[in-house]
Amino acid sequence: MGPQLEPVIPDPRLPERVDVVVIGGGIIGAATALELAERGIAVALCEKGEIAAEQSSRNWGWVRKMKRDPRELPLIVESLRLWNGLDARVGAETGFRRTGILYACDSEEKVEGYRGWLDYARPYQLDTRILSAAETAAILPGAKQAFKGGFYTASDGRAEPQRATTAIARAAQARGAKIFTSCAVRSIETAAGRVSGVMTEKGAIGCSSVVLAGGAWSSLFCGNLGIRLPQLKVQNSVLRTEPLEGDLPACNVSVGHYAFRKRLDGGYSVSDGSTNRVDIVPDSFRNFGIFLPALKAEWRSLSLRFGARFFEEWGWKRRWSADEVTPFEQVRVLDPKPDVAGLQTALRRLAADFPAFAKAKVAQHWAGLMDVTPDAVPVISPVDALPGLIIATGFSGHGFGIGPGAGKLVADLVANTTPVVDPKDFRFSRFSDGTKMQVIAGF
Numbered sequence: 035m036g037p038q039l040e041p042v043i044p045d046p047r048l049p050e051r052v053d054v055v056v057i058g059g060g061i062i063g064a065a066t067a068l069e070l071a072e073r074g075i076a077v078a079l080c081e082k083g084e085i086a087a088e089q090s091s092r093n094w095g096w097v098r099k100m101k102r103d104p105r106e107l108p109l110i111v112e113s114l115r116l117w118n119g120l121d122a123r124v125g126a127e128t129g130f131r132r133t134g135i136l137y138a139c140d141s142e143e144k145v146e147g148y149r150g151w152l153d154y155a156r157p158y159q160l161d162t163r164i165l166s167a168a169e170t171a172a173i174l175p176g177a178k179q180a181f182k183g184g185f186y187t188a189s190d191g192r193a194e195p196q197r198a199t200t201a202i203a204r205a206a207q208a209r210g211a212k213i214f215t216s217c218a219v220r221s222i223e224t225a226a227g228r229v230s231g232v233m234t235e236k237g238a239i240g241c242s243s244v245v246l247a248g249g250a251w252s253s254l255f256c257g258n259l260g261i262r263l264p265q266l267k268v269q270n271s272v273l274r275t276e277p278l279e280g281d282l283p284a285c286n287v288s289v290g291h292y293a294f295r296k297r298l299d300g301g302y303s304v305s306d307g308s309t310n311r312v313d314i315v316p317d318s319f320r321n322f323g324i325f326l327p328a329l330k331a332e333w334r335s336l337s338l339r340f341g342a343r344f345f346e347e348w349g350w351k352r353r354w355s356a357d358e359v360t361p362f363e364q365v366r367v368l369d370p371k372p373d374v375a376g377l378q379t380a381l382r383r384l385a386a387d388f389p390a391f392a393k394a395k396v397a398q399h400w401a402g403l404m405d406v407t408p409d410a411v412p413v414i415s416p417v418d419a420l421p422g423l424i425i426a427t428g429f430s431g432h433g434f435g436i437g438p439g440a441g442k443l444v445a446d447l448v449a450n451t452t453p454v455v456d457p458k459d460f461r462f463s464r465f466s467d468g469t470k471m472q473v474i475a476g477f
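In structure tokens:
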């Protein structure tokens, strides 16, 4: 099972009408609902399962500017600003701390490989820098490995995925947002060629705008509307340790074949930092051409697998009417089996470099499915074919850290106000207007 979450108590009954319906209760949907509610815009958030039950509670918990695709940098800079005051804003502990993030390098070649990214960071005056071997050792207490150097951003940090999204959702609810769990949206209703409402499994809600923040489910939902959203799922696994004593780094650390961060409870989240599992599913063939550049750029970090998930997704309905049970009701939570063997290998490698981890007791393993686009950049955009629909999905493993900023940008688009950042690179039409899919490997 996935991480334990404190449930968000849903509102008792559907409203007849709101201004905006948000589909999806991950961090993007919750942050959008909070922004809209704070602006006095009537909003209902509908989640087919529980708030944050999928990737929003299963990710590493890193909040980083460094190694971002340069197209995302303006949005993550804004997001870090919002994270800084988020606890006070929502009246709860999200776990956000500016502890720094370090990519430690075991070779001079790897150190040099990071220098090119500094050209992207320079216009934003980021504090990212290359560390010498001595500087790296100074911020890695307890390390047995003598690293050759590192890539470090002191102002980056971490937050708690099992706390942050639910805290944001409760704050949205306190400001007037209506939240409904176990309430799948089946379809979008239209009138005069634009959004007029949604039909959920519990009834209809009238609205003039819909925000689709459905994560890994967004492409399937769009397909039922006749809208092609190229998207695939990528699996990553994480283990959680019991509280661990010892002289250990305070910052988040990645060494390539493992990554770790300290948790608020004194334990650590650990993952294989270099390999993501990709199940071959029917959408793999439907989207093969547009994803080919990404496959060529990232093949070293992908582990392809053909198995039961292919046949499971083959059996999902791809078209349905508003009165039919949908795949979203049949599978409330995506809960893939974690790669326990891979996590054990990562923990052994970690303990070889940091002997204090040899005493670590594993409390839990889990896995999550990231929603990935062909260029690994999210879609945050209106859809020309259906006025009133805004898509906010495809965050490609970056959604947790960028979530507060993304929610603000989505709210700007809904309210038709000046966007907090230029949304051009996030436009949905880039998949159909001849734009070349540019994948910046490693970011």
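Take 35 as the starting number for the sequence shown in my numbering and just add one per residue. Heads up, the beta-carbon is just placed ideally off N, CA and C, and yes, glycines get one too. Here the structure is a predicted model, which means the values were calculated and not measured.
- Message: Under 8 Å: do the stretch 58-68 and the stretch 190-203 share three or more Cβ pairs, one atom per stretch?
- Response: Cβ pair count under 8 Å is three or more, so yes.
- Item | For Ala167 and Gly433, the rounded distance between their alpha carbons | Start at 1 with the first residue of the sequence shown, and residue 433 comes out as number 399. Start at 1 with the first residue of the sequence shown, and residue 167 comes out as number 133. Rounded to the nearest angstrom, the two C-alpha atoms are 32 Å apart.
- Own chain, CB closer than 6 Å to Thr215, minus 5 neighbours either side, in chain order: Within the sequence shown, the letter at position 181 stands for residue 215. If you ignore the 5 residues before and after Thr215, its C-beta comes within less than 6 Å of the C-beta of Pro44, Glu81, Glu84, all in its own chain and listed in chain order.
- Task: Mind checking who Ile164 pairs with in its DSSP beta bridge?
- Result: In the sequence shown, counting from the first residue as 1, residue 164 sits at position 130. Ile164 is bridged by DSSP to Phe185.
- Message: If I follow the unbroken alpha helix (DSSP H) through Phe345, where does it start and stop?
- Response: Translated into the one-based positions of the sequence shown, residue 345 becomes position 311. Unbroken alpha helix (DSSP H) run through Phe345: 342-348.
- Using three-state DSSP, classify Lys212 as helix, strand or coil. Residue mapping note: residue 212 aligns to position 178 of the sequence shown, counting from 1. DSSP, reduced to helix, strand and coil, places Lys212 within a strand of the structure shown.
- Message: Per DSSP, what are the beta-bridge partners of Asn258 in this structure?
- Response: As a first step, residue 258 is located in the sequence shown; it is residue number 224 there, counting from the start. The partner list for Asn258 (beta bridge, DSSP) is empty, contrary to what the question assumes.
- Please name the residue in Arg262, Phe294, Leu298, Ala284 whose C-alpha comes closest to that of Pro277. Your numbering for residue 277 matches position 243 in the sequence shown. Considering only alpha carbons, the answer is Leu298.
- Query: With distances taken between CB atoms, is the gap from Leu48 to Gly237 smaller than 8 Å?
  - Reply: Indexing the sequence shown from 1 puts residue 48 at position 14. Indexing the sequence shown from 1 puts residue 237 at position 203. Against a cut-off of 8 Å, the Cβ pair of Gly237 and Leu48 comes out as a contact.
- Message: So for Val97, helix, strand or coil by DSSP?
- Response: The count along the sequence shown starts at 1 and reaches residue 97 at position 63. It is a strand residue.
- Item | Secondary structure, alpha helix (DSSP H): runs of 4+ residues fully inside the stretch 289-356 | Taking only runs of at least 4 residues, the alpha helix (DSSP H) segments lying wholly in the stretch 289-356 are 316-320, 322-332, 342-348.
- Task: Grab me the residues of Leu39's own chain with a C-beta within less than 8 Å of its C-beta, minus the 5 sequence neighbours each way, in chain order.
- Result: Taking the first residue of the sequence shown as position 1, residue 39 is located at position 5. Glu84, Ile85, Ala86, Ala87, Ser91, Gln196, Thr200.
- Message: With distance defined between alpha-carbon atoms, name the residue in Pro416, Ala208, Glu223, Ala386 nearest to Leu68.
- Response: Residue 68 sits at position 34 when you count from the first residue of the sequence shown. The candidate whose alpha carbon is nearest that of Leu68 is Ala208.
- Which partner residues of Val56 appear in the DSSP bridge assignment? Counting from one through the sequence shown, the residue named residue 56 turns up at place 22. Val56 has Leu79, Val245 as its beta-bridge partners, per DSSP.
- Query: Closest by CA to Asn258, which one among Ala356, Ser141, Val367?
  - Reply: As a position in the sequence shown, residue 258 is number 224, starting the count at 1. Closest by alpha carbon: Ala356.
- Task: Might you give, ordered along the chain, the residues of its own chain that have their beta carbon closer than 6 Å to the beta carbon of Val268, omitting 5 neighbours on each side?
- Result: Stepping through the sequence shown from its first residue, residue 268 is reached at position 234. Correct list, in chain order: Asn310, Val312, Met404, Val406.
- Message: I'd like to confirm the pairing. Which residues does DSSP put opposite Pro416 in its beta bridges?
- Response: In the sequence shown, residue 416 corresponds to position 382, counting from 1. Its beta-bridge partners are Ile424.
- Message: Please state the DSSP three-state secondary structure of Asp369.
- Response: Taking the sequence shown and counting its residues from 1, the one referred to as residue 369 is at position 335. DSSP places Asp369 in coil when its eight states are reduced to three.
- Message: The beta strand (DSSP E) that contains Leu403, what's its start and end?
- Response: Numbered from 1 along the sequence shown, position 369 holds the residue referred to as residue 403. Residues 396-406.
- Item | Met471 burial status per 10 Å Cβ neighbour count (16 or more: buried) | Here residue 471 refers to the residue found at position 437 when the sequence shown is read from its first residue. With 16 or more other CB atoms across the displayed protein chains lying within 10 angstroms of its CB, Met471 is buried.
- Item | Assigned secondary structure, Asn270 (DSSP; H/G/I helix, E/B strand, else coil) | If you number the sequence shown from 1, residue 270 lands on position 236. When DSSP states are grouped into helix, strand and coil, Asn270 belongs to the strand group.
- Query: When we look at the beta-carbon of Ala203 and count the other beta-carbons within 10 Å, is it buried (16 or more) or exposed?
  - Reply: The residue you call residue 203 lines up with position 169 of the sequence shown. Label assigned to Ala203: buried.
- The beta strand (DSSP E) with Thr133 in it runs from where to where? Within the sequence shown, numbered from 1, the residue matching residue 133 stands at position 99. Premise fails: Thr133 is in no beta strand (DSSP E) and is neither H nor E.
- Report yes if the C-beta distance between Gly301 and Asn93 is below 8 Å; otherwise report no. For the purposes of this step, residue 301 is identified with residue 267 of the sequence shown, where counting begins at 1. For the purposes of this step, residue 93 is identified with residue 59 of the sequence shown, where counting begins at 1. Not closer than 8 Å, so no.
- Task: Quick one: residues in its chain with C-beta nearer than 7 Å to the C-beta of Trp117, no 5 flanking neighbours on either side, listed in chain order?
- Result: In the sequence shown, counting from the first residue as 1, residue 117 sits at position 83. Taken in chain order, the residues that qualify are Val97, Phe130, Ala193, Pro438.
- Is Asn450 helix, strand or coil when you go by DSSP? Here the question's residue 450 lines up with position 416 in the sequence shown. Coil, per DSSP.
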